[in-house]
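Here's the structure we're looking at; comments come further down.
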Amino acid sequence: MARPITHLTKIETALSGSGAARSPVIASWSRSARLHKLDPATPRKPDRLTEAELAEARARAGRMIRLANPVLDELFRAVGGVGCCVLLADNDGIPVERRGAPADDRTFEDWGLWTGTIWSEDHEGTNGIGTCITDGRPVAIHRDQHFLARNTGLSCMASPIHEASGRIAGVLDVSSARDDLTDGFARLIGHSVADAARRIEVELFRAAHPQDRMVLLPQWLNGSGAIVAVDRDDIVVGLSHGARLALGLSSSGPFSPIPLGDLLGQHAPDGFEDAERAVLVRALARADGNVSAAARALGVSRATLHRKLGPQA
């Protein structure tokens, strides 16, 4: 019983000062205690959905699960050997898919690191999945940074997954119950989790724009997942979460379609004749300089193509 009392004292001391204004963890502790009215010393087990409720949650998250499965497999191959499990949770904080070593299953199920367990912050206080959803950013909640004393044996590294509209679709989490997991190693795992979450985001974005062309913005080079969807008229019709952040736009919600050239700051044709010529030049390039093939693709005669391109053709 000493540990819960010590943990309770630590939380009470932190909340009695101004730490919530400086620390995201203490801000979460404050929400857990004051907003959600949770008791850090409660011995109750985590709440879990019924099998029917879990089946419904998995059905709602079906596309995300399907697209995330290869990424979950790859991530587990990287972290499973050091006693970690991988969880994919929906936007209610409920794991709907997981990866774990069979030898560790009983341990993780006892901790609640299992599909159907409710890990939202209002149920479990400060924790990787729930606090990630509330803050909308990657988090690492290491051992006694958890609010509930019974969760202080866990280390959880989580990152949000955004759907094509920019809203949070779910959370990717790697958790460990090992007491020898260092802060440094947890940070390394956190980087892998964030990278994997971005890859799932990209797949969700592609699935939402099956007929559009994908264009990577230069910011993609730093792993931000900045990708835009462009229609056949070179109009940007979709922005990934990474692209929204890179361009300084709202993280979610609608936006006004814009020509790709304008978005990238590139010069666009000034008038109808220039725009028409640009179309002809692109057609000629696609035909590897074959004027006849370009004309057929555009549905015009070879003579018309020559005339519109001018003497340079």
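Heads up: the sequence shown is residues 164 to 476, going by the numbering used here. Just so you know, even glycine gets a beta-carbon here, dropped at the ideal spot from N, CA and C. These numbers come from a predicted model, not from an experiment.
Per-residue burial, residue i [other beta carbons within 10 Å of its own, 16 or more giving buried]
i      : result
Ala466 : exposed
Ile292 : buried
Val442 : exposed
Gly347 : exposed
Pro417 : exposed
Asn453 : exposed
Ala165 : Caution is warranted here: a pLDDT of 46 is assigned to Ala165, below 50, making its placement in the model unreliable, and the coordinate value is therefore given only provisionally. It counts as exposed.
Ser403 : buried
Arg445 : exposed
Glu421 : Sequence check: residue 421 is Ile here, not Glu. Ile421 is exposed by the Cβ-count criterion.
Ser414 : exposed
Asp396 : exposed
Asp253 : buried
Gly462 : exposed
Whole-angstrom distance between residue j and residue i, CA atom to CA atom
i      : j      : result
Asp342 : Ala332 : 31 Å
Ile390 : Val365 : 8 Å
Pro323 : Ala224 : 14 Å
Thr280 : Ser193 : 23 Å
Ala196 : His170 : 13 Å
Val393 : Met227 : 22 Å
Lys471 : Pro258 : 60 Å
Leu427 : Arg407 : 13 Å
Gly388 : Arg361 : 6 Å
Gly288 : Glu260 : 22 Å
Pro301 : Asp336 : 10 Å
Gln374 : Gly424 : 20 Å
Ala349 : Ala460 : 56 Å
Leu317 : Ala357 : 19 Å
His469 : Ala458 : 9 Å
Arg376 : Leu412 : 21 Å
Lys173 : Lys200 : 17 Å
Cys319 : Glu237 : 18 Å
His305 : Thr315 : 8 Å
Arg449 : Phe368 : 27 Å
Cys295 : Gly246 : 22 Å
Leu217 : Arg440 : 57 Å
Gly473 : Ile352 : 59 Å
Element boundaries [beta strand (DSSP E), containing residue i]
i      : result
Leu108 : Any property of residue 108 remains undetermined from this structure, which presents the chain solely from 164 to 476.
Leu412 : Leu412 -> no beta strand (DSSP E), and no H or E assigned at all.
Ser338 : 331-339
Ala321 : 318-325
Asp253 : 247-253
Ala379 : It should be pointed out that residue 379 corresponds to Leu in this sequence rather than to Ala. 376-379 is the span of the beta strand (DSSP E), which, as asked, contains Leu379.
His309 : Note, His309: premise wrong, no beta strand (DSSP E); not H, not E.
Run of the alpha helix (DSSP H) containing residue i, from where it starts to where it stops
i      : result
Val454 : 454-461
Asp346 : 346-371
His469 : 465-472
Thr127 : Nothing in the structure corresponds to residue 127, since the chain is present only between 164 and 476.
Thr289 : Neither: Thr289 is in no alpha helix (DSSP H) and is coded neither H nor E.
At least 3 beta-carbon pairs within less than 8 Å: the segment 308-317 vs the segment 228-244: Too few Cβ pairs lie closer than 8 Å, so no.
In chain order, each beta strand (DSSP E) run of at least 3 residues that lies wholly inside the segment 255-283: 258-262, all fully within the segment 255-283.
Within the segment 170-230, ranges of the alpha helix (DSSP H) (whole runs, at least 4 residues): The segment 170-230 contains these whole alpha helix (DSSP H) runs: 187-193, 214-223.
Any 3 or more C-beta pairs closer than 8 Å across the segment 238-252 and the segment 198-218: Put simply, the segment 238-252 does not touch the segment 198-218. Fewer than three CB pairs are less than 8 Å apart.
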